[in-house]
Structures are given as C-alpha cells and as structure tokens.
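Visitor:
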Amino acid sequence: MTEEGAPPPFDPTDADRNTEIWRSILMGTDPSLPALRRRFRRLPSDPRCKMCAAPFRGPGRLLTRLMMHGPSESNPMLCSLCFGQLRSGGPGGAEIEISVLFADIRGSTGIAERTSAGEFRRLVQQFYHRAAKAIHQHDGTVDKFLGDGIMALFIPVISGSEHAIRAIEAGEAVLRAVEDRALVAGGVQIGVGVHTGEAFVGTVGADDRLDFTALGDTVNVAARLGSDAGAGELLVSASAWRAAGRDEAGVERRPLAVKGRAEPLEVIVLRSESIAAVA
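Each residue of the sequence shown is one higher than the last, beginning at 7 in this note's numbering.
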C-alpha cells in the first residue's frame, strides 16, 4: 500500500518481489501503513478499518465513504479499498503463520429431514449470522460459508500478532452465540476447531474469478478439528494453544489421528458448559 492508499505495484514478471509485497501486506509491515494509520487516527471515530484505521463512524466516516466506499461488504472489518487491495494483485500471496477456525452444525442432515426447507434455511442463516458476528468481533475474517459450516482466518494484518488468542476466543464466542433459544429449539448444535501454523494466504482462481483465501496443511488440520469436534466442543491444536500462551495445566487433552500424519495430533478440548461458566 502506498502512502496515498493505492495498491502496491505488483509486477507479473517478478514473482519474488510480488511475494514480498504480499508478505508485507499480510503481516502488517508495509512501510506506508503506519503513516496512513496515523493520518486516519486523527479523524473520529471507532470502529475503524483494521488495516488503514479509516473511521467507519463519526464525521470521519464521510471521508471514508468518499475515498474507500465505506466498509467492505465481504469483510466489514476492512474498508472496501483495503479489502480490494488484498484481491488486486492477481493470483499470488505468501506463506505466513496464521490461525484458522472451522465451525460446523452437527447432525445437519437430520435437522433438514425434520424441518421444511425454508425452516432449515432460516436456522442455517441464523447460525451464519451469529457465528460471523462473533468472528468479526474477535478480528477474524470469514473466508467462506460451507453449506452447514463456516471457515474463518485470523491474519496478522487484521488480527495482530496474537492471532492465535483471537481465534480461540472467537471459537469460544461462536459456541456461546449458538446458545440461542431459536437455534436450540431447532436442534442446532455445533463443533469448532482451531489450528495455528504456516499457510499460503493470497488470491487463487481463474483470471475472471479470484478468491482471497488460505491453503495448505494448516487449513486441512483446522478443518479436521472442526469436523471431529463433538456437539458443544471446541478442539484447539496444541500448537494454537501454545501460540496463544494459554495455561496447559489441567486441560483436557485428546489424541486425534489425522490422515497423512504418522503421529496423532494432540488437541485441547473445551466444552460449551465450561466456556459459558467463565464468560
């Protein structure tokens, strides 16, 4: 990002340079960001774009809407210009450490059989809304909705260096969020998984359809944790737990066999009742 907020000069002929540009953006170390943030911080008021600090409320929001077209519809944590920048460089990205969250409705096939299509859609939509709100409140980015699940990324430029903490807290918040009377009455229960590690983050796809996402083993492991978590469970990989600096004494542990790995993955098990008790 330049000081004026324009996208960086990606060069399709220089892959190494583009990777470093991507890395500086994703890690929040782009040299133009501090000056841009200081400038926007002078304008009221919070909440703000997590990248450039452009204000979304108060008098400053008028300038944001004029320059950046307001909050991004795809990710309300960012202004439209910053989110567009993350998708502007064509297919490309960088390998960085991130945290990934998956949350899935348990027994969705049975729920669909017991309810009308319209009622099932309403329940899933309510789950999406509550889960996405919890994720955004903890500086996460909803990557995609997955039929009866949701995938979220916690990237340093948005979530900060403590992205593992944010991801675990988001997982706890998602479990609390579905303790809604209508969702409970509809039989909606979810399992959540969180993992931290190196992943490719950037844009992928065909020239006319690019998606900003994350790929790699870290994403696959997080997905496995999400699918293996029981109803009302949050499974956190030991690497995410340690990255978050959480106390390991007295926590429930579970070995999890992961396809392609010689040794079981050690996970920490949190349950909705214990999470609710400390909320």
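Glycine is no exception: its CB is placed at the ideal position from the N, C-alpha and C atoms.
I'd like the ranges of any alpha helix (DSSP H) spanning at least 4 consecutive residues and lying wholly in the segment 18-50.
Guide: Fully enclosed alpha helix (DSSP H) runs of 4 or longer: 21-33 and 39-47.
Visitor: Which residues bound the beta strand (DSSP E) around T219?
Guide: Translated into the one-based positions of the sequence shown, residue 219 becomes position 213. Unbroken beta strand (DSSP E) run through T219: R215 to L221.
Visitor: To the nearest angstrom, how far is the alpha carbon of L49 from that of L69?
Guide: To locate residue 49, count along the sequence shown from 1; it is residue 43. To locate residue 69, count along the sequence shown from 1; it is residue 63. Taking the straight line from one Cα to the other gives about 9 angstroms.
Visitor: Going by other Cβ atoms of all chains shown within 10 Å of its Cβ, with 16 needed for buried, is P61 buried or exposed?
Guide: Here residue 61 refers to the residue found at position 55 of the sequence shown. Its Cβ being crowded by 16 or more others within 10 Å, P61 is buried.
Visitor: Return the CA-CA distance between A244 and E272, expressed in angstroms with no decimal places.
Guide: Counted from its first residue, the sequence shown places residue 244 at position 238. Counted from its first residue, the sequence shown places residue 272 at position 266. Between A244 and E272, the C-alpha separation is close to 6 angstroms.
Visitor: Once you ignore the five residues that flank F108 on each side, which residues in its own chain have a CB closer than 6 angstroms to its CB?
Guide: Locating residue 108 in the sequence shown gives position 102, counting from the first residue. Cβ neighbours of F108 beyond the five flanking positions: M157, G199, A228, A229 and G232.
Visitor: Terminal residues of the continuous alpha helix (DSSP H) containing H135?
Guide: As a first step, residue 135 is located in the sequence shown; it is residue number 129 there, counting from the start. Run containing H135: A123 to Q143, per the alpha helix (DSSP H) assignment.
Visitor: Given a threshold of 16 other Cβ atoms within 10 Å of its Cβ, counted over all protein chains shown, does V190 qualify as buried or as exposed?
Guide: Against the sequence shown, residue 190 aligns to sequence position 184. With fewer than 16 Cβ atoms within 10 Å of its Cβ, V190 is classed as exposed.
Visitor: Relative to the C-alpha of E279, which candidate in A41, G266 and E239 has its C-alpha closest?
Guide: In the sequence shown, the residue the question calls residue 279 occupies position 273. Per the Cα distances, E239.
Visitor: Quick check on the burial criterion: 16 or more other C-beta atoms within 10 angstroms. Buried or exposed for D217?
Guide: Here residue 217 is taken as the residue at index 211 of the sequence shown, counted from 1. Per the 10 Å Cβ criterion, exposed.
Visitor: I need the boundaries of the alpha helix (DSSP H) containing F89, first residue and last residue.
Guide: Position 83 of the sequence shown, counted from the start, is the residue given in the question as residue 89. S86 to L92 is the span of the alpha helix (DSSP H), which, as asked, contains F89.
Visitor: What's the gap between the Cα of E178 and the Cα of K150?
Guide: Stepping through the sequence shown from its first residue, residue 178 is reached at position 172. Stepping through the sequence shown from its first residue, residue 150 is reached at position 144. Rounded to the nearest angstrom, the two C-alpha atoms are 19 angstroms apart.
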